[in-house]
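Below is one structure, written out as structure tokens, with a few remarks after it.
In UniProt numbering, the protein residues as written are 1 to 231.
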């Protein structure tokens, strides 16, 4: 049985999980959008996103005035310090990858429990299902050096290309990864940028970095921090 990680505040972790029995967990654009909303919300708010959305929708129908609700939620339920900082992510039809920095004690565990529970509730309700959506808890591995940080970033963001979901020409336009936020300051919401290399905001430099194959040395190092091939 795999030993649970003792997550440390300030440390970085590669997180992975997939659908139960490798089934799809994102089947429509709305599913991907909900997941991305939850990526941000569950790190920053101690309030159910589904309840917030229901209240907001009712206000939009009745009066159109949602600003007071948003202000109330921010004042009462927004965390002073996020549970985690999200450094990278990619969402694929039957799995996801995250690169997280723990910001508070037990932050990773709390965040992942809330994130997966919130999405499972949404998914089961939408598709009239019961039971597990994800393959257990989640898998994790610490990222302990700057070279590893860059390699796991590259590994995560190349997923759509490796899976042939996008061509090399359209690679940077894949909508369900951190790439859009890296390249578009106006879209930035989910990602925390302090640790992100400056060249990630340059499309030509980012494209070259991601499209270059791993060297043999990089691949050996990557084997210790990739997860899905072992799960």
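We treat Cβ as the ideally placed atom computed from N, Cα and C, and that holds for glycine.
Using the C-alpha atoms, what's the distance from residue j back to residue i?
| i | j | result |
| --- | --- | --- |
| residue 49 | residue 212 | 39 Å |
| residue 106 | residue 12 | 13 Å |
| residue 183 | residue 197 | 12 Å |
| residue 89 | residue 58 | 31 Å |
| residue 44 | residue 116 | 15 Å |
| residue 14 | residue 153 | 9 Å |
| residue 67 | residue 75 | 12 Å |
| residue 204 | residue 131 | 44 Å |
| residue 164 | residue 207 | 16 Å |
Mind checking residue i: buried by the 16 CB within 10 Å criterion, or exposed?
| i | result |
| --- | --- |
| residue 61 | exposed |
| residue 122 | buried |
| residue 17 | buried |
| residue 1 | At residue 1 the pLDDT is 44, less than 50, meaning the model places this residue with poor confidence and gives no usable figure here. |
| residue 63 | exposed |
| residue 6 | exposed |
| residue 177 | buried |
| residue 200 | buried |
| residue 185 | exposed |
| residue 144 | exposed |
| residue 82 | buried |
| residue 114 | buried |
| residue 51 | exposed |
| residue 140 | buried |
| residue 10 | exposed |
| residue 258 | In the structure displayed, the chain extends from 1 to 231; residue 258 sits before or after that span and is not available. |
If I'm right that residue i touches residue j with Cβ under 8 Å, what's the distance once you round it to whole angstroms?
| i | j | result |
| --- | --- | --- |
| residue 195 | residue 100 | Rounded, the Cβ-Cβ distance is 11 Å, inconsistent with contact. |
| residue 156 | residue 95 | In fact, because the Cβ distance is near 11 Å, the residues do not count as touching under 8 Å. |
| residue 84 | residue 103 | 6 Å |
| residue 112 | residue 138 | 5 Å |
| residue 73 | residue 47 | 6 Å |
| residue 55 | residue 69 | 6 Å |
| residue 42 | residue 118 | 6 Å |
| residue 93 | residue 24 | 5 Å |
Are residue i and residue j closer than 8 Å when you measure CB to CB?
| i | j | result |
| --- | --- | --- |
| residue 222 | residue 209 | no |
| residue 187 | residue 171 | no |
| residue 120 | residue 35 | no |
| residue 190 | residue 40 | yes |
| residue 135 | residue 218 | no |
Spell out the partners DSSP gives residue i in its beta bridges.
| i | result |
| --- | --- |
| residue 141 | 14 |
| residue 90 | 97 and 177 |
| residue 45 | 78 |
| residue 134 | 19 |
| residue 84 | 102 |
| residue 191 | 86 |
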